[in-house]
Amino acid sequence: MSGHTPVQVLTPQTSGRSPSRWLASIAGMRAWLFLLLLLAVFESWARISYGASFVLSAHNAQSIAVFAVAPLLLALGETFVIIAGGIDLSVGFIMGLSAVVAAQGANLAASVVPEFPAMLAGIAAGLLVSLVPGLVNGALISRLKVPPFIGTLGMYGVARGAAFLLAAGTTVPVANGWFAALGNARVAGFPVVVVIAAVFVLLMHYMLSQTRFGQHTYAVGASEQAALRAGIGVGRHTRRLYLLSALCAGLGGVLYTARFTAGAAQAGEPLLLDSIAAVVIGGASLFGGSGTIFGTVAGSLVIAVIQYGLVFIDVEPFWQFVAVGVVIIISVLVDQTQRRLGGDG
Amino acid sequence: MKRMVMALAAIAVGVGALLGSAQAQAPGKKYTIALIPGLTTDAFYVTMRKGAEAAAKVVGADLVFQGAPEFNPVQQTPVLDAVIARKPDAILIAPTDKTQLVQPLKKAADAGIPVITVDTFIGTGNYRTGAGEADFPLSYIASDNVLGGKMAAQALAKAIGDKGKVYVSNVKPGVSTTDQREEGFKEEMKSHPGVQVLQTQFNDDDANKAASQLQSVYTRNPDLAGVFGANLFSAIGVANGVQQAGQSGKIKVIAFDAPATVVGNIKSGLIDGAIAQHPAEIGYYGVITAFAHLTGQSIPTKIGTGFTEMDKSNIDNPDVMKFVYQR
Chain A
33 MSGHTPVQVL
43 TPQTSGRSPS
53 RWLASIAGMR
63 AWLFLLLLLA
73 VFESWARISY
83 GASFVLSAHN
93 AQSIAVFAVA
103 PLLLALGETF
113 VIIAGGIDLS
123 VGFIMGLSAV
133 VAAQGANLAA
143 SVVPEFPAML
153 AGIAAGLLVS
163 LVPGLVNGAL
173 ISRLKVPPFI
183 GTLGMYGVAR
193 GAAFLLAAGT
203 TVPVANGWFA
213 ALGNARVAGF
223 PVVVVIAAVF
233 VLLMHYMLSQ
243 TRFGQHTYAV
253 GASEQAALRA
263 GIGVGRHTRR
273 LYLLSALCAG
283 LGGVLYTARF
293 TAGAAQAGEP
303 LLLDSIAAVV
313 IGGASLFGGS
323 GTIFGTVAGS
333 LVIAVIQYGL
343 VFIDVEPFWQ
353 FVAVGVVIII
363 SVLVDQTQRR
373 LGGDG
Chain B
929 MKRMVMALAA
939 IAVGVGALLG
949 SAQAQAPGKK
959 YTIALIPGLT
969 TDAFYVTMRK
979 GAEAAAKVVG
989 ADLVFQGAPE
999 FNPVQQTPVL
1009 DAVIARKPDA
1019 ILIAPTDKTQ
1029 LVQPLKKAAD
1039 AGIPVITVDT
1049 FIGTGNYRTG
1059 AGEADFPLSY
1069 IASDNVLGGK
1079 MAAQALAKAI
1089 GDKGKVYVSN
1099 VKPGVSTTDQ
1109 REEGFKEEMK
1119 SHPGVQVLQT
1129 QFNDDDANKA
1139 ASQLQSVYTR
1149 NPDLAGVFGA
1159 NLFSAIGVAN
1169 GVQQAGQSGK
1179 IKVIAFDAPA
1189 TVVGNIKSGL
1199 IDGAIAQHPA
1209 EIGYYGVITA
1219 FAHLTGQSIP
1229 TKIGTGFTEM
1239 DKSNIDNPDV
1249 MKFVYQR
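If you read the protein sequences in the order shown, they are chains A and B. To convert, take the position in the first sequence, counting from 1, and add 32; that gives this note's numbering. To convert, take the position in the second sequence, counting from 1, and add 928; that gives this note's numbering.
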């Protein structure tokens, strides 16, 4: 895949849209089309069977948005890593580690300061602790040349063990009104966690599409050798990518603790594969070099909508497993086929 | 992964063996009893270990606690093998599968190590009947999860005034204990004609998914009256879904198991009640039963431990608080 990539994408000073970036944004758009298709299916099902609307329900929209936040946060960082040709398997347990530390940080601080600063202390502790595995991941991959799959798989275990050790094998409850409000309150009708995620999405979109950091990410993923020749500090860039990915997972962990008023080491365990699937459905290639933030947003929503919608239309639970798997395969197949037909840039 | 678990277990057992040989020189026979939980990362088993340690102290035995991080036979079997290699005087185990653990455990029995199952069972759970491949364990010590499910159904039926729609939020199919809770729940609800039990939703132990499922079921059934969360993450997820839907206090939530998180949620009103098992009791009686057998006493083939119903009215009572799962 990388061999076909035109060279202009590798030169940071090129300001125009390169073919592969253009292709990636088309792929991202396909994810949105797929999302619309899914919504149309659920909508018509709802109208025909129950005479109610699926889409035009504020309750459904809010529920799906809140549901999508945690996997989306993991997927945002993962998008950068995957575009650069890597993979980060440790995000699920980095999220758990942050959730536990945020809960313990807030509890610890609450014994000396009021609830609001205690919450801030918890948030800071949760985010800071996520940087540690991120730093180690980056160092392992860039300095010691450990393959990302193996390096982050090792960190998956380390973060998991650390989180469970800190939590003594159980969950850590937090009784902090501010923290609970952060996770569950609404601003102008929008759940706070969704607002935070939306701001974060815009920030990440800006970083990926408008900054040199973003351009270097595409360049490293398209061809590491070419990126090196173009004078990009690939090692340093790689370390920043895994730090960013860990930080996204850390934010996911902090918001989990806020929402469920408890830090759980296994908070992110079930989300890892969903988040990688979201990135791929969103049009990113696991071989690196392509992908967009809005594509990943669409991918996360596709997964959230299927899982929510299948319950809504009352599909037998065992069939839900099958259906979710089939929809993920179809959406990626459609993407691959169109890529092949359209040529690869 | 498997190899890593095995290596870790081997190291742990090796260290244990060193300690054990040092103690063997002490006067009098000191028994070593191994406890293998379904998984190590769960407050339920952490509490069971505390009970077992308390009993070990009473009878002067050494307790070895080794297990896998996930509830699954592929990871539990190598741990079991490593423990058998160390030849403890008795093994207490929560088998992670009714059939897949039969042969691995038979190796222990063949090596002359008495096996007692705690919390979960192999075969039918009826031991020493002379029938079947899996009747060799000496005793099965656990809370009756079917009964626990029935108690949850009664608590939920009471909370919703014996009428309305309810459903079970469960982890995943195929886990003996949570399957039994659901079975007991549905069986009890048959004698509550006003209550309609909707389809079970499986959440893969993910609170986020359990919350989303609650919201979806609620949209379709605005008259939803209550939910039974069959384990910790099911219950806190459902409680959050109810809160997000603005239905706190209207949709009743009954939880199973009582870690501190559930207790906090009962106090804040997010969860209406919980059926707490007594894992410390299971661990305590497990060790005592093993010791009784080792010292030549006869032991029963089944010991049922109790439940405690928790809700806002009794949660501060010290007699109830002592059943909150402890680290």
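Every residue gets a Cβ at the ideal spot worked out from N, C-alpha and C, and that includes glycine.
Quick test of your reading: glutamine 1127(B) and tyrosine 1095(B), contact by CB under 8 Å. State the CB separation rounded to the nearest angstrom. 6 Å
Which parts of the region 216-276 of chain A are runs of the beta strand (DSSP E), unbroken and 3 residues or longer, counting only runs that do not cross its ends? Whole beta strand (DSSP E) segments, 3+ residues: zero.
DSSP puts glutamate 1276(B) in a beta bridge; with which residues? For residue 1276(B) there is no data in the structure shown, the boundaries of chain B being 929 and 1255.
Taking the alpha-carbon of threonine 184(A) as reference, which of Ala281(A), Ser122(A), Ser81(A) has the nearest alpha-carbon? Considering only alpha carbons, the answer is Ser122(A).
Check whether the Cβ atoms of alanine 336(A) and alanine 100(A) sit closer than 7 Å, and answer yes or no. yes
As assigned by DSSP and simplified to three states, the class of asparagine 1073(B): The three-state secondary structure of asparagine 1073(B), taken from DSSP, is helix.
Does arginine 1148(B) have its Cβ less than 7 Å from a Cβ in chain A? yes
Going by CA-CA distance only, name the one from Glu147(A), Ser89(A), Ala63(A), Leu65(A) that's closest to phenylalanine 344(A). Ser89(A)
Runs of beta strand (DSSP E) lying entirely within the region 133-161 of chain A, each at least 3 residues, in chain order: With a minimum length of 3 residues, no continuous beta strand (DSSP E) run stays inside the region 133-161 of chain A.
Glycine 201(A) versus chain B: which residues are under 8 Å apart at the beta carbon? Thr968, Thr969, Asp970, Ala971, Tyr973, Val974, Arg1255
For aspartate 990(B), list the residues DSSP reports as bridge partners. Thr960(B)
Decide if alanine 954(B) is buried, meaning its Cβ has at least 16 other Cβ atoms within 10 Å, or exposed. Any reading at alanine 954(B) is ruled out, since the residue's pLDDT is 43, under 50, leaving its predicted position unreliable.
Please report how far the alpha carbon of glycine 942(B) lies from the alpha carbon of valine 1007(B), in whole angstroms. Any reading at glycine 942(B) is ruled out, since the residue's pLDDT is 48, under 50, leaving its predicted position unreliable.
Would you say phenylalanine 292(A) faces chain B, with C-beta separation under 7 Å as the test? At least one chain B Cβ lies under 7 Å of phenylalanine 292(A).
Whole-angstrom C-beta distance between serine 1067(B) and tyrosine 1055(B), which should lie under 8 Å: 7 Å
Residue from Tyr1253(B), His1120(B), Phe1049(B), Leu1222(B) with nearest C-alpha to alanine 1208(B): Tyr1253(B)
Beta carbon of alanine 131(A) nearer than 7 Å to that of alanine 299(A): yes
Which of helix, strand or coil DSSP assigns to leucine 1142(B): helix
For isoleucine 1088(B), tell me which candidate among Phe1156(B), Val1074(B), Lys1035(B), Lys1100(B) has the shortest Cα-Cα distance. Comparing alpha carbon positions, the residue from Phe1156(B), Val1074(B), Lys1035(B), Lys1100(B) closest to isoleucine 1088(B) is Phe1156(B).
Any idea what DSSP makes of leucine 1020(B), helix, strand or coil? strand
Comparing the C-beta of aspartate 1134(B) with each C-beta of chain A, is any distance below 7 Å? yes
Once DSSP output is grouped into helix, strand and coil, what is the label at proline 1246(B)? Looking at proline 1246(B) - three-state DSSP - the assignment turns out to be helix.
Would you call the region 137-156 of chain A and the region 207-216 of chain A touching, i.e. three or more CB-CB distances under 8 Å? Taking 8 Å as the limit for Cβ pairs, the verdict is that the region 207-216 of chain A does touch the region 137-156 of chain A.
Judging by CA-CA distance, which residue of Asp1185(B), Ala983(B), Arg977(B), Pro1032(B) is the nearest neighbour of threonine 1106(B)? Asp1185(B)
Let's see if you can read the secondary structure: which residues bound the alpha helix (DSSP H) around serine 1162(B)? 1160-1172
Are there 16 or more other CB atoms within 10 angstroms of the CB of glutamate 110(A), so buried, or fewer, so exposed? buried
Pull up the DSSP beta-bridge partners for glutamine 1129(B), would you. Ser1097(B)
What residues of chain B sit near valine 343(A), judged by a beta carbon separation below 7 Å? Gln1129, Gln1141, Ser1144, Val1145
Please compile the residues from chain B whose C-beta is within a distance smaller than 7 Å of the C-beta of tyrosine 340(A). Chain order gives the chain B residues near tyrosine 340(A) as Ser1140, Ser1144, where near means a beta carbon separation below 7 Å.
Under the rule that 16 or more other beta-carbon atoms within 10 Å means buried, what is glutamine 951(B), buried or exposed? Legend: pLDDT at glutamine 951(B) = 43, less than 50; position of this residue unreliable, no value from coordinates given.
Would you kindly check if the distance between the Cβ of proline 997(B) and the Cβ of threonine 203(A) is under 7 Å? no
Taking the CB atoms as reference points, tell me whether glycine 1122(B) and lysine 1091(B) lie closer together than 7 Å. yes
Candidates Ser307(A), Ala142(A), Leu303(A): closest to isoleucine 114(A) by CA position: Looking only at Ser307(A), Ala142(A), Leu303(A), the smallest Cα-Cα distance to isoleucine 114(A) is reached by Ser307(A).
From the DSSP secondary-structure annotation, give me the bridge partner or partners of serine 1067(B). According to DSSP, which records beta bridges pairwise, serine 1067(B) is partnered with Ile1044(B).
So glycine 1165(B) and serine 1097(B) are in contact, right, with Cβ under 8 Å, and what is the actual spacing, rounded? 7 Å
Whole-angstrom distance between glycine 118(A) and glutamate 256(A), CA atom to CA atom: 11 Å
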